[in-house]
Amino acid sequence: MKYASQRVAYWYFVCAMVLFGVQILAGGLAGTVYVLPNTLADLMPFNIIRMIHTNALIVWLLMGFFGCAYYLVPEEAEREIESPFLAYVQLVLLMVGALAAVIGYTQGIHGGREFLEQPLWIKVAIVVVALIFLYNVSMTVLKGRRTAVTSVLLLGLWGIAVFWLFAFYAPDNLSLDKVYWWYIVHLWVEGVWELVMASVLAFLLIKLTGVDREVIEKWLYSIVGLALFSGLLGTGHHYYWIGAPGYWQWVGSIFSALEVAPFFAMVVFAFTMVFRGRKDHPNRAAVLWSLGCTVGAFFGAGVWGFLHTLSFVNYYTHGTQLTAAHGHLAFYGAYVMLNLALISYAMPYLRGKAPYHQTLNIASFWLMSGAMMVMTFALTFAGAVQVHLQRVLGMSYMEVQDQIAPFYWVRLGSGVLVVIAALMFLWSVFGPVRERRKVAREGRTASLQAAE
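Counting from 72, one number per residue, gives the positions in the sequence shown under this note's numbering.
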């Protein structure tokens with residue numbers, strides 16, 4: 072570590088990985104309920120399991136972003152974090168709020184709005200956490216060196232906080248409620264989160280490839296422009312069927328189709344930088360996760376999103392398993408892999424070790440990514456069958472569910488592989504590290520020479 076306060080990031084990564092485990096286990100349980108419907112039916116209903124699965128995903132990704140910021144901002148700003156103490160206070164508040172929310176969900180205490188089920192006091196606590204965080208990183212940047220990486224990162228992080236404020240507005244009119252609900256859900260994951268993704272990816276490529284900072288920053292600005300241009304009005308593809316004006320059919324179709332562009336640019340950007348830069352960086356796992364992040368985001372958010380984003384296609388596909396296929400691969404490719412990339416890069420420095428367990432980490436990458444692709448294809452095929460049987464032929468929902476049950480078994484099997492891959496990853500970054508044998512051999516050689 073170049074700065075002692077970067078140590079804060081270690082505990083954010085630890086807590087993020089704990090919630091990552093909760094998310095995966097809840098997802099595995101939800102997948103089990105799909106094929107064995109009475110599993111834990113009396114103890115924990117499916118809607119609560121799904122609530123924990125999705126909420127844990129959002130919180131651990133945000134916690135990972137916080138850890139990424141606390142790790143990279145000191146290096147970019149060339150100074151210590153403004154207040155490590157406040158960073159730890161923020162972490163405690165976030166974990167206590169997450170635990171309280173999960174306990175509340177199991178007792179039926181929740182708001183009922185998807186992704187925004189948190190009770191009011193937890194929403195307020197999230198605002199407090201955001202203010203602490205933004206003060207800490209903003210003051211660190213403003214008092215230190217300013218770079219394109221930190222500027223884009225701050226824009227994304229402030230955007231996350233601003234759009235979260237719409238969580239407090241819940242109008243009685245359902246159409247109006249959905250309009251502002253998507254200000255959070257869409258403009259986070261297809262707007263300001265993309266800025267965070269681009270800035271963290273730029274930081275990683277600067278460190279891993281050695282390519283000149285000016286070259287990477289030009290790419291960064293181009294990607295940010297594409298993301299904002301397409302993503303903001305791309306919100307319209309969520310307004311097709313909620314009672315919004317008809318012009319959203321055209322606006323949503325055109326601009327959401329353009330949302331493929333920034334993700335494709337990230338693929339070209341990452342691979343170009345890796346091929347232009349040095350190829351001898353010892354942390355091969357971090358390089359692989361960084362490249363995989365761009366490819367996964369392009370296919371998950373870009374290609375699978377485009378498959379059903381045009382209004383005349385979405386008329387048949389919305390609310391089917393095609394949506395689930397897109398959601399799973401997009402979140403995994405864009406944001407899960409991004410966090411795992413920076414964790415893979417940062418942990419050796421945070422633990423004071425040379426890059427370690429590279430083979431295990433790389434194996435976890437291929438197993439997890441392969442399992443997620445199997446899951447995505449299973450849900451895609453299930454969705455295609457569902458569209459034909461339910462939306463075209465007019466069969467009832469439950470009749471169709473019986474027909475696509477085999478695809479749910481495939482999803483469950485791939486989910487088990489994701490759990491195994493996650494355990495492999497956690498061991499590869501947090502497991503014990505032996506001293507290198509080379510050091511031991513050098514020590515024995517020195518002893519022999521001394522004896523002679």
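Even for Gly, the Cβ is constructed at its ideal location relative to N, Cα and C.
Since this is a predicted model, take the numbers as computed values, not measurements.
Exposed unless 16 or more other CB atoms sit within 10 angstroms - verdict on residue i
i      : result
Ala80  : buried
Gly317 : exposed
Thr25  : In the structure displayed, the chain extends from 72 to 523; residue 25 sits before or after that span and is not available.
Ile180 : exposed
Trp480 : exposed
Gln178 : exposed
Ala87  : buried
Ser440 : buried
Glu396 : At residue 396 the sequence reads Ala, which differs from the Glu that was named. So Ala396 counts as buried.
Ala127 : buried
Arg565 : The question about residue 565 has no answer, for the chain in this structure spans 72 to 523.
CB of residue i within 8 angstroms of CB of residue j, strictly
i      : j      : result
Met226 : Ala140 : Checking the sequence shown, residue 226 turns out to be Leu, not Met. No, Cβ-Cβ distance for Leu226 and Ala140 is not below 8 angstroms.
Ala332 : Glu288 : no
Met495 : Ala442 : no
Phe340 : Trp264 : no
Ser76  : Glu151 : yes
Thr391 : Gln457 : yes
Glu147 : Asn207 : no
Leu266 : Ala232 : no
Ala449 : Phe402 : no
Gly454 : Thr388 : yes
Span of the alpha helix (DSSP H), counted from its first residue to its last, around residue i
i      : result
Asn118 : Phe117 to Ala148
Ala101 : Val79 to Val106
Ala334 : Note on identity: in this sequence residue 334 is Phe, with Ala being the wrong assignment. Here the alpha helix (DSSP H) through Phe334 covers Val331 to Arg347.
Gly307 : No alpha helix (DSSP H) contains Gly307, which DSSP labels as neither H nor E.
Thr380 : First-last for Thr380: undefined, no H or E at that position.
Gln320 : Tyr318 to Ala328
Thr221 : Ala219 to Trp235
Gly441 : Gln429 to Gln457
Ser485 : Ala476 to Phe501
Asn410 : Met408 to Leu421
Thr265 : Note on residue identity: the sequence assigns Glu, not Thr, to residue 265. Trp264 to Thr280 is the span of the alpha helix (DSSP H), which, as asked, contains Glu265.
When the options are compared against residue i, the one with the closest alpha-carbon
i      : options                           : result
Ala298 : Ala273, Phe326, Lys214 and Glu153 : Phe326
Ser209 : Trp229, Val487 and Met115         : Trp229
Met134 : Tyr254, Trp253 and Leu413         : Leu413
Leu170 : Phe137, Pro426 and Trp131         : Trp131
Phe335 : Ser499, Phe377, Leu165 and Pro155 : Phe377
Ala273 : Met446, Asp473, Phe117 and Thr343 : Thr343
Helix, strand or coil at residue i according to DSSP, with G and I counted as helix
i      : result
Ala517 : The pLDDT assigned to Ala517 is 41, lower than 50, so where the model puts this residue is not dependable, and the model offers no usable value.
Asn244 : coil
Trp312 : coil
Gln178 : coil
Glu288 : helix
Ala403 : At residue 403 the sequence reads Tyr, which differs from the Ala that was named. Correct three-state label for Tyr403: helix.
Ala511 : Low local confidence applies: a pLDDT of 40 at Ala511 is under 50, so the model's placement there is unreliable, and no value is given.
Ile152 : coil
Met466 : coil
Glu523 : In this predicted model, Glu523 has a pLDDT of only 39, less than 50, meaning its place in the structure is not dependable; the value taken from the coordinates is given anyway. Looking at Glu523 - three-state DSSP - the assignment turns out to be coil, as it is neither helix nor strand.
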